[in-house]
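Okay, so here's the structure we're looking at.
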Amino acid sequence: MARKVAILGASGYTGAELVRLIATHEGLEIAALSADRKAGMEMAEVFPFLRHLTLPRLQKIDEIDFSGIDLCFCALPHATTQQVVSALPRTLRIVDLSADFRLRDPAEYAKWYGQPHTAVDLQKEAVYGLTEFYRADIAKARLVAGTGCNAATGQYALRPLISKGCIDLDDILIDLKAGVSGAGRSLKENLLHAELSGGTHSYSAGGKHRHLGEFDQEFSKIAGRPVHVQFTPHLLPMNRGILATVYVKGDPKVVHETLATAYETEPFLKVLPFGALPSTRDIAGSNFCHIGVTGDRIPGRAIIIAVLDNLTKGSSGQAIQNANLMLGLPETQGLMLAPVFP
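If you read the sequence shown in UniProt numbering, its first letter stands for residue 1, the second for the next number, and so on.
As structure tokens, this is what we get:
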């Protein structure tokens, strides 16, 4: 029997992506969908690409009966999620796609998000949702905090290298390009077609991007001492995808071998042959992350390129991967769909 799930914030991009993926997931059934301004509407009105599906009508969160729900996906804005999750039944299993429970230290949350955390008890309970590295904890968790999409991409490129000590931890640079859907569906002047199309720009440069909090937390935990990377994201005029170019000091062949060995049995992480480099078109609409490694003309330096779809492996696909573990379902169920090409 399929497990019943609710999606809160179903009128956003990650909410729609959850619906798209769950539509062919034999182990999950969508029992409730919420939206704020669009409550009362059908999903087909909000997202015509889903009109072939029979789905519950969108409703307010306080109208949902959670008594028959096995798991709830929260695809809500940060800060909002703290209040919503605090009011949900304490027996309900939750996968949160927002930033509210990613950082374990409340002071770090306040630093990066500019306001105090209002659900510190829940923050202590939350398990960080980078599936491949927290499987056992996720399977037992009641509340899982999904990672940032940029943070996930950088971590897939670097975690095994930091763990094995095969790169210089004081000289790591992440140059990242992201599609516009990562900024959400809210109307923003800088995301208008005339403002964005035909160009690209960096943002949150100089150590200001919030996902640096996740890099600091996770990389320092692995290394057992502070690790601070340089990170600059760029917004590209494309709908989906992230490409992270990571520059490190280390033997390129050792870097490649370390990543290939670490991810040899991972169903969604594909390390390419040495010298082959991936593109965002290789993973569009899928739960796969492709990683390539090459050497630099300067000896002792390696370049790692990691790509994933920010809405799938970086968010909603990751959320379903975690939900599968939490509900005792096969981890890959509903997620082995091939990328979309061209």
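Each residue gets a CB set at the ideal place from its N, CA and C atoms; glycine is no exception.
Report the three-state DSSP secondary structure of residue i (helix, strand or coil).
i: S11; result: coil
i: C166; result: coil
i: F101; result: coil
i: T200; result: coil
i: A145; result: strand
Once the 5 residues before and after residue i are set aside, which same chain residues still bring their CB inside 6 angstroms of it?
i: L243; result: K177, T280, V307
i: N324; result: E331, Q333
i: T294; result: G275, I303
i: residue 346; result: This structure gives no information on residue 346, because the portion of the chain shown stretches from 1 to 342.
i: G9; result: G15, A75, L76
Please say whether residue j and residue i have beta carbons closer to each other than 7 angstroms?
i: A16; j: A32; result: no
i: D309; j: I283; result: yes
i: H234; j: T200; result: yes
i: T232; j: D175; result: yes
i: I162; j: V248; result: no
i: S181; j: L311; result: yes
i: A75; j: G12; result: yes
i: V254; j: Y263; result: no
i: G285; j: P339; result: yes
i: S316; j: L18; result: yes
Have a look at residue i and residue j and give me their C-alpha separation to the nearest angstrom.
i: D96; j: D105; result: 17 angstroms
i: S202; j: C72; result: 34 angstroms
i: E257; j: R159; result: 14 angstroms
i: H209; j: A223; result: 22 angstroms
i: T147; j: I305; result: 19 angstroms
i: E125; j: R135; result: 16 angstroms
i: L337; j: G114; result: 38 angstroms
i: L329; j: G314; result: 20 angstroms
i: D168; j: G250; result: 7 angstroms
i: F268; j: Q321; result: 10 angstroms
By Cβ distance below 7 angstroms, which residues in the same chain neighbour residue i in space, the five residues on each side in sequence not counted?
i: I64; result: A6, A32, S34
i: K4; result: E29, A31, G68, I69, D70
i: A119; result: Q82, V85, S86
i: K164; result: T258
### Query
Given 8 angstroms as the limit, is there contact between the region 206 to 224 and the region 269 to 284, that is, 3 or more CB pairs closer than that?
Here the region 206 to 224 does not lie against the region 269 to 284, with fewer than 3 beta-carbon pairs under 8 angstroms apart.
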